[in-house]
Amino acid sequence: MLLNSLGDPADRADYRARLRSYLEERADALSADSRRRLATNPLRVLDSKEDASVVAGAPATLDHLGAAAATHFAGVRSGLERRKIPYEIAPRLVRGLDYYNRTVFEYQASSYTAAQGALGGGGRYDPLAELLGGPPTPGVGLAMGVDRIVAAMPEVSGREGRGVFVVVADPERREEALDLVAALRTGGLAADADLGERSVKAQFKAAARRGATVAAVVGVEWARGLVTVRDMATGEEEAVPIGEVAAWTRAR
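Count along the sequence shown from 1, then add 1; that gives the number in my numbering.
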């Protein structure tokens, strides 16, 4: 995964101005398409393969983050590292549309080069709801290329059909719940969790909607090394050691 941060709107505006100044000084070396983009949206020039040599020396967004955005990005990186999710900082990875802010990302298969393109990508767009006349609303989205994913699939081992939905019963254990999701995925099981702060009842409904085989409840018993697991088909429940959730699921 390639990762970058655009910062908050004020950070982005400052970066755009600095990038425009840098590119204008080198306009004669840019392709015709990039010169056109320079006048309308200079961030799009960073996507140009033709102008890679100019882009390589361009200012990086990470050097223009405000304190809040820098702290947020450090938290994103910490979460990935905690769950052993590999990533690479791509300091000139951007999204051209104005409603993107903070984290942006792209996925690449190891068999693909940068020139072949990404499997998909996206980012946060917290300002979008307000731009459409609504209240401030956190947002994130991504788009994936189906053909590219299919082409890359032979090198990716599939996960089993059985799925685990991790229910967060103790808000203080949210990070541990996400650790469990990551461990189950690493072990070959499909796993998911609710990233909001909904009630336990609402989370169980989400597990049912998603067709989970098992719901694993992370609550106060985590301190004793236990998770309560529920067979979503029969309603059977049992407290099992954290490390045995995968085996319990496979036995269903």
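For glycine and all other residues, C-beta sits at the position ideal for the given N, C-alpha and C.
Query, Result
"Rounding to the nearest angstrom, what Cα-Cα distance links Lys202 and Val169 in this structure?", "10 angstroms"
"Apply the 10 Å Cβ neighbour rule to Ala115 and answer buried if 16 or more other Cβ atoms are within range, or exposed otherwise.", "Because Ala115 sits at a pLDDT of 48, beneath the cut-off of 50, its placement in the model cannot be relied upon, and the point is left open."
"According to DSSP, is Val56 part of a helix, a strand, or is it coil?", "helix"
"My output table needs one value for Gly76: the three-state DSSP class, helix, strand or coil.", "helix"
"For the ligand GTP, is there any heavy atom lying closer than 7 angstroms to the beta carbon of Ala153?", "Among the components of this structure there are no ligands whatsoever, and the ligand GTP is therefore not found."
"If we count the other Cβ atoms within 10 Å of its Cβ and call it buried at 16 or more, is Thr104 buried or exposed?", "buried"
"Would Arg38 pass as a contact of Arg27 if the rule is Cβ separation under 8 angstroms?", "no"
"Could you tell me the distance, in whole angstroms, from the CA atom of Ala151 to the CA atom of Ile86?", "Note that residue 151 corresponds to Val in the displayed sequence, not to Ala. Computed Cα separation, rounded: 22 angstroms."
"Relative to the C-alpha of Ala59, which residue among Asp48, Ala69, Ala68 and Asp180 is closest?", "Asp48"
"May I ask you to list the residues that DSSP assigns as paired with Phe166?", "Asp193 and Ala216"
"Quick test of your reading: Pro92 and Leu63, contact by CB under 8 angstroms. State the CB separation rounded to the nearest angstrom.", "5 angstroms"
"Figure out for me which residue from Val241, Glu237 and Arg253 has the closest Cα to the Cα of Arg225.", "Val241"
"Within this structure, are the beta carbons of Tyr101 and Leu7 separated by less than 8 angstroms?", "yes"
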